[in-house]
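For the record, in the sequence shown the residue sitting at position 7 is 1406 according to the numbering used here, with numbers rising by one throughout.
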Amino acid sequence: MADFESAFDAKFTLFNVQEKKSERAPDKTGSIEIELGEAMKLAEYLTGHPGEEGYGGKTVIKIPLSAWDAESQTGKRYINGKIWAKKPEPSTAQPIF
């Protein structure tokens, strides 16, 4: 168990695309599931985050994620994951707008 309070929690799942329609089609597709209460926490986290410099020099908000290879009961392989962020200290959270 983590030794910090999470600002929000969400889950995601990615499945291999069975039939790609073109070379540029994605290899995996899926979705993110966020419970409504967690979505409100995510919105609060995003609007209160100061941001940081990302690739290309743009200000971004990085959200950590973790993923595991998994297999369904029918043998279908997929990636199961979690999206989360450590709750910021009250004194460090500054709105970006």
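Beta carbons: idealized from backbone N, C-alpha and C, even for Gly.
From a predicted model like this one, the values you see are computed outputs, not experimental measurements.
Check your understanding: By the 10 Å Cβ neighbour count, where 16 or more other Cβ atoms means buried, how is A1406 classified, buried or exposed?
Key -> A buried status is given to A1406, since no fewer than 16 other beta-carbon atoms sit within 10 Å of its beta-carbon.
Check your understanding: Out of curiosity, what's the CA-to-CA distance linking K1461 and Q1472?
Key -> One alpha carbon belongs to K1461, the other to Q1472, and they sit about 33 Å apart.
Review point. Taking 8 Å as the CB-CB limit, is A1409 close to chain C?
Key: Among the chains in the structure shown there is no chain C, since it carries only a single protein chain.
Review point. What residues are listed by DSSP as bridge partners for T1458?
Key: E1452, per the DSSP bridge assignment.
Review point. Out of curiosity, what's the CA-to-CA distance linking G1480 and F1411?
Key: Between G1480 and F1411, the alpha-carbon positions lie close to 5 Å from each other.
Point to revise | Reference P1449; option with closest CA among T1458, E1418, W1467 | key: The residue with the shortest Cα to Cα distance from P1449 is T1458.
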